Structure formats: C-alpha cells, structure tokens
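Student:
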Amino acid sequence: MATDDPCVTPSIRASIFAVTSAALRTTSLHKSFGSLVVAQDIAITLPQGARYALIGPNGAGKTTLINLITGVLEPDAGQIHLGDTDITALAPDRRVKQGLARTFQINTLFPGLEPLEAVTLAICERDNIAATWWRRLASFRTAVDEAHAILASLNLASVATRPTRELAYGQQRLLEIALALATKPKVLLLDEPAAGVPRQDSGELFKAITNLPTDISVLFIEHDMDLVFRFATRVIVMVGGRLLLEGTPAEIAAEPRVREVYLGRAHNG
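Everything in the sequence shown is counted per this note's numbering, starting at 397 for the first residue and increasing by one.
(1) What residue ranges within the region 457 to 523 form continuous alpha helix (DSSP H) runs of no fewer than 4 residues, ordered along the chain?
(2) Mind checking residue 571: buried by the 16 CB within 10 Å criterion, or exposed?
(3) Does the region 539 to 547 come close enough to the region 489 to 507 to have 3 or more Cβ pairs within less than 8 Å?
(4) Taking Cβ to Cβ, would you say residue 561 is nearer than 8 Å to residue 511?
(5) So who's on the other strand from residue 642, going by DSSP bridges?
(6) DSSP three-state label for residue 438, please.
(7) For the beta strand (DSSP E) containing residue 616, list its first residue and its last residue.
(8) What are the boundary residues of the alpha helix (DSSP H) that residue 606 is part of?
(9) Closer than 6 Å by C-beta to residue 501: which residues in its own chain qualify, once you throw out the five before and the five after it? Chain order, please.
(10) Can you tell me the Cα-Cα spacing of residue 557 and residue 581, whole angstroms?
(11) What does a CB cutoff of less than 7 Å around residue 468 pick up in its chain, not counting 5 residues either side in sequence?
(12) Taking all protein chains shown into account, decide if residue 661 is buried (16 or more other Cβ within 10 angstroms of its Cβ) or exposed.
(13) Could you tell me the distance, in whole angstroms, from the CA atom of residue 441 to the CA atom of residue 641?
(14) Could you spell out where the beta strand (DSSP E) holding residue 419 opens and where it closes?
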C-alpha cells in the first residue's frame with residue numbers, strides 16, 4: 397500500500413510508518429510445552445530508539461519471550477523481525493550478527509579477566525579475529541580503543557584494568573551491557589539488569605541504560621516499578637503468557653488491571 401495514496405488516512409499512514417520503522421517486531425508468537433502454554437499470540441513492536449519495559453508477575457512469560465526473540469527457544473508459530481529481516485529461523489549466534497544482543501538475570505562474566513580485556517575480546521569475536529587471541533592485547537589497538545570508549549560511556553573507565561571479580565556488583569552488571577554493546581547491537585534486551593544491585597546503585601545503572609545511543613533500541617525486564625516508571629518511555633504488561641496491555645508509564649500506573657495483577661487478584665498463569 398502506497399502511503400501517498402489519498403485513501404490512506406493519517407492514522408493508517410502512522411501505523412504503516414510504525415511497522416516499517418520498527419527495530420524489532422513479533423507477530424502472533426506462540427509457544428507451549430505439552431498442555432502448558434507459555435506464550436500466546438505475542439505481538440509487540442519496538443520502535444527505533446525505544447526504551448521499553450516489559451513487566452508482569454513471576455511466571456508471566458517475560459523471560460520466555462526474550463528466549464523466543466533471541467532464538468534460545470523455537471516458537472511453535474509466529475514471526476520475529478529485526479528491522480526488515482525475518483530472523484525467526486536464525487540460530488542465536490546469527491541473530492547476534494544481525495544486531496540482536498541480550499544480558500541475563502545472572503551475570504556470566506569471567507572473573508579473572510579485566511573489563512578492558514573482556515570487551516576487547518568481544519570486539520575481536522565480532523570482527524572475526526578472535527582466533528588470534530594469543531597475540532598481545534596491544535596488537536589490537538583499534539579494538540582496544542573501541543573497548544575503552546564503550547567502558548567510558550558506561551562510567552567504567554576507572555576500573556577498566558581491575559579484575560572483574562573486584563568490581564562492585566552494579567559495575568559487573570554494567571560490564572555485561574558493555575559486552576553486549578561490543579557486538580554493535582541494533583536491539584538490546586536486558587533481563588532484570590538491576591537484579592542483585594543495591595538500590596542506591598540501580599538508578600545510576602538505569603541512567604546509563606537510558607543514555608545509550610539512540611540508534612540502539614532497548615527492551616528491559618524489571619520488577620522494580622519505581623525504576624520502570626522513571627526510565628521507561630513505554631511499558632508492556634504480560635500475564636499468563638499473554639500481553640495484557642501496553643501504554644505510557646502514567647497510563648500503566650493508573651490502570652486498575654495492573655494493580656490487580658500485582659496485588660495477586662489476577663491469575664498469574
């Protein structure tokens with residue numbers, strides 16, 4: 397459908413633009429394990445530059461959705477598009493190469509490596525030169541400089557050469573994000589990035605997330621509603637493997653159905 401067609405109303409034109417400019421889009425995603433349905437008819441659209449939160453009670457299907465998007469789980473039905481590319485059938489590593497990155501609820505860092513080493517190695521892997529890891533780190537000057545820049549953007553420059561095990565937990569979570577950024581993602585999926593981070597540090601972590609370059613779209617899972625309402629531009633609510641609703645933080649905060657879910661009066665699924 398041509399958007400300059402006089403039959404195309406402004407609202408239809410806006411809808412067409414939203415779909416074609418989406419950084420990530422899922423359509424009718426479905427997943428079940430026997431009789432247990434864990435994702436049903438999931439359709440989300442993540443615009444370019446978005447900072448979206450995905451919320452819901454335990455068992456709502458949030459991590460399942462992330463696993464479907466990243467290829468850890470194979471959907472029974474539906475499609476996943478990264479930009480204009482259908483990635484539904486791609487292996488997880490191919491999705492990373494296409495520009496999809498994620499972090500996990502529990503960090504998966506190498507405690508003996510320095511942040512600068514870890515991020516440089518991630519950049520070398522991205523550029524297909526990691527097989528020459530045995531060369532001195534200084535041999536990869538361009539990669540080292542890029543790693544420095546990534547760490548500095550997340551306020552980690554001062555700890556770049558300290559062993560990862562010595563970093564505060566909030567800094568370790570930021571290092572996970574740095575490793576994800578090393579892949580040059582178009583879309584970044586964060587599974588509870590503030591999990592285990594002291595409350596006084598979680599705000600700084602989320603400030604760093606929201607200040608990421610606007611060419612990176614972010615979808616994060618978070619249980620702390622204060623963080624969600626402070627840092628998300630839009631919120632998606634899941635319950636029982638289904639989407640309940642989507643709206644601005646103000647709309648979600650005022651929605652009775654959301655209060656029912658978090659007060660335990662709705663079925664969690």
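The beta-carbon is built from N, C-alpha and C at its ideal position, and this holds for glycine as well.
Computed from a predicted model, the values in this text were never measured in an experiment.
Tutor: Taking the structure as given:
(1) 458 to 466, 488 to 494 and 511 to 522
(2) Within the sequence shown, the letter at position 175 stands for residue 571. Answer is buried; the Cβ neighbour count reaches 16.
(3) no
(4) The count along the sequence shown starts at 1 and reaches residue 561 at position 165. The count along the sequence shown starts at 1 and reaches residue 511 at position 115. No; because the gap between Cβ atoms is not below 8 Å, this pair is not in contact.
(5) Numbered from 1 along the sequence shown, position 246 holds the residue referred to as residue 642. Beta-bridge pairing links residue 642 to 632.
(6) Taking the sequence shown and counting its residues from 1, one reaches residue 438 at position 42. DSSP places residue 438 in strand when its eight states are reduced to three.
(7) Mapped onto the sequence shown, residue 616 falls at position 220. Its beta strand (DSSP E) spans residues 613 to 617.
(8) Counting from one through the sequence shown, the residue named residue 606 turns up at place 210. Residues 595 to 606.
(9) In the sequence shown, the residue the question calls residue 501 occupies position 105. Hits under 6 Å: 587, 588 and 591.
(10) In the sequence shown, counting from the first residue as 1, residue 557 sits at position 161. In the sequence shown, counting from the first residue as 1, residue 581 sits at position 185. Using only the alpha carbons, I get a separation of about 24 Å.
(11) Sequence index remark: in the sequence shown, residue 468 carries index 72 (1-based). Hits under 7 Å: 488.
(12) Position 265 of the sequence shown holds residue 661. Confidence at residue 661 is low in this model, with a pLDDT of 48, below 50, so its placement is unreliable and the value that follows should be read with caution. Exposed, since its Cβ has fewer than 16 Cβ neighbours within 10 Å.
(13) Counted from its first residue, the sequence shown places residue 441 at position 45. Counted from its first residue, the sequence shown places residue 641 at position 245. Near 13 Å, if we compare the C-alpha coordinates of residue 641 and residue 441.
(14) On the sequence shown, position 23 is the one that residue 419 refers to. Its beta strand (DSSP E) spans residues 418 to 429.
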